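**Student:** In the numbering used here, the protein residues as written are 526 to 945.
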Ligand SMILES: [Zn+2]
């Protein structure tokens, strides 16, 4: 059978599995796999793979990642025991290039959305928490694996599906697999991109700023120094830094034509003082910076701290602390002439889809592949980027099937086939 017949055969099979895809996705959405409660969804996927004749294994999270520079700290240390990622391999006689399809099964909480975990279907559209982010991507990856296996496509390189946990909280699930050696020659992360090829992702850095003053009674305010006033000065300096950083950000080819500026600094939380009759002695401010891949994350940390040191008045200069203890996701980019990028572009062209390359605005686990394992990575998933983390998160089944077709055809081209 020719390669193009093989692909047609697999793609036809994927499109014929629309109802199966809908059932699997709705069952997945019914499992509220919020942080710490992911294993119901993981076990369900394992059962689904078993039923399709695909062997898989749950790999426990490796606690030694806590000392890794890419490790994300939690606000509260979670239970590690009994939680893990699901790994399923197909094909691979060692002579072709290997590839990973990475999809996360954890979701953000439903919040005020009472029906978040009661999926609804309206013909082509499935609504529910995780339908787009990223259970739809997980089902698309599963369909691609199943179609290749059902049609007995003899992939030369190994295709692996990694269903990870902990993506929404920073990426420790994917980090754990990479540290345990679950790597390949390339990876597709199925995070929602409306099926656009994204060879790049923005970084996200959370900061914690503490200012201190000296407390007095409210009758002696002239004698004291308000930590809150000092925090306000620091916030205004950080907004100046944002302006500097936007102005100095090189015009990035993957981030042209966006309808908003991807470089932003946001002040999100402020807490100060203990009593209305006391000047606040301590003020804690938290916020985040989002940035395109133009600078290393360590440089941004250094630059922000130096900016405050250089521009602060005498008191503030000696009475602030700037920390980056929580989320610290670096930005990354894979060059447009990378062979994995051009491979996916040719696949989507063959499928009659646009082959444009765009930067993804928010950060996800993709960054860990180049950062930790020096692997090329593409983020491409069927989810709708507009409504994730909202109370009307939804996905189009037709788009999910297209993503599955892209994954399967990329596996055929990238991993190669060994004809008997
Ligand atoms: Zn996601």
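Every residue, glycine too, gets a C-beta built ideally from N, C-alpha and C.
Fair warning: this is a prediction, and the values are worked out from it, not measured in the lab.
#1: Fully enclosed by the segment 802-887, which beta strand (DSSP E) runs are 3 residues long or longer?
#2: Report the three-state DSSP secondary structure of residue 724 (helix, strand or coil).
#3: Are at least three pairs of beta-carbons, each pair with one atom in the segment 736-754 and one in the segment 919-939, less than 8 Å apart?
#4: In the DSSP assignment, what residue or residues form a beta bridge with residue 614?
#5: Below 8 Å on the Cβ atoms is my contact criterion, and I expect residue 608 with residue 586 to pass it. Report the Cβ-Cβ distance as a whole number of Å.
#6: For residue 842 and residue 855, I'd like the C-alpha separation in whole angstroms.
#7: What's the C-alpha gap between residue 605 and residue 700?
#8: Could you compute how far the alpha carbon of residue 652 sits from the alpha carbon of residue 807?
#9: Report the residue ranges of all alpha helix (DSSP H) runs contained in full by the segment 613-699; include only those spanning at least 4 residues, in chain order.
#10: Can you determine whether any heavy atom of ligand 1 sits closer than 8 Å to the C-beta of residue 937, and answer yes or no?
#11: Measure the alpha-carbon distance for residue 893 versus residue 708 and round it to whole angstroms.
#12: Where does the unbroken beta strand (DSSP E) through residue 902 begin, and where does it stop?
#13: Please state whether DSSP places residue 558 in a helix, a strand or coil.
#14: Quick one: grab the DSSP three-state call for residue 582.
#15: Between residue 889 and residue 692, is the Cβ-Cβ spacing less than 9 Å?
#16: Report whether the distance from the Cβ of residue 717 to the nearest heavy atom of ligand 1 is below 8 Å.
#17: Could you spell out where the alpha helix (DSSP H) holding residue 919 opens and where it closes?
#18: Does any heavy atom of ligand 1 sit closer than 8 Å to the C-beta of residue 868?
#19: According to the Cβ coordinates, are residue 778 and residue 886 closer than 9 Å?
#20: Would you tell me roughly how many angstroms separate the C-alpha atoms of residue 581 and residue 670, rounded to the nearest one?
#21: Please return the same chain residues whose Cβ sits closer than 7 Å to the Cβ of residue 571, not counting the five positions on each side in sequence.
#22: With DSSP collapsed to three states, give me the class of residue 570.
#23: Pair every Cβ in the segment 728-736 with every Cβ in the segment 671-681, then say whether three or more of these pairs are closer than 8 Å.
#24: Name the residue from 723, 567 and 629 whose alpha carbon lies nearest to the alpha carbon of residue 865.
#25: What is the DSSP secondary structure of residue 774, counted as helix, strand or coil?
#26: Rounded to whole angstroms, how far is the Cβ of residue 658 from the Cβ of residue 913, which I believe are closer than 8 Å?
#27: Does DSSP classify residue 589 as helix, strand or coil?
#28: Determine the closest residue to residue 751 out of 884, 718, 735 and 720, with distance taken between C-alpha atoms.
#29: I need the DSSP call for residue 798, collapsed to helix, strand or coil.
#30: Straight-line CA distance for residue 547 to residue 918?
#31: Are at least three pairs of beta-carbons, each pair with one atom in the segment 527-547 and one in the segment 624-641, less than 8 Å apart?
#32: Between residue 815 and residue 790, is the Cβ-Cβ spacing less than 9 Å?
#33: Among 804, 544 and 849, which one has its Cα closest to the Cα of residue 647?
**Tutor:** According to the structure shown:
#1: 807-816, 845-848 and 882-885
#2: strand
#3: no
#4: 685
#5: 6 Å
#6: 27 Å
#7: 14 Å
#8: 45 Å
#9: 661-675
#10: no
#11: 11 Å
#12: 902-904
#13: coil
#14: strand
#15: yes
#16: yes
#17: Element bounds for residue 919: not the alpha helix (DSSP H) but the beta strand (DSSP E), 919-921.
#18: no
#19: no
#20: 12 Å
#21: 581, 583 and 611
#22: helix
#23: no
#24: 723
#25: coil
#26: 4 Å
#27: helix
#28: 735
#29: coil
#30: 15 Å
#31: no
#32: yes
#33: 544
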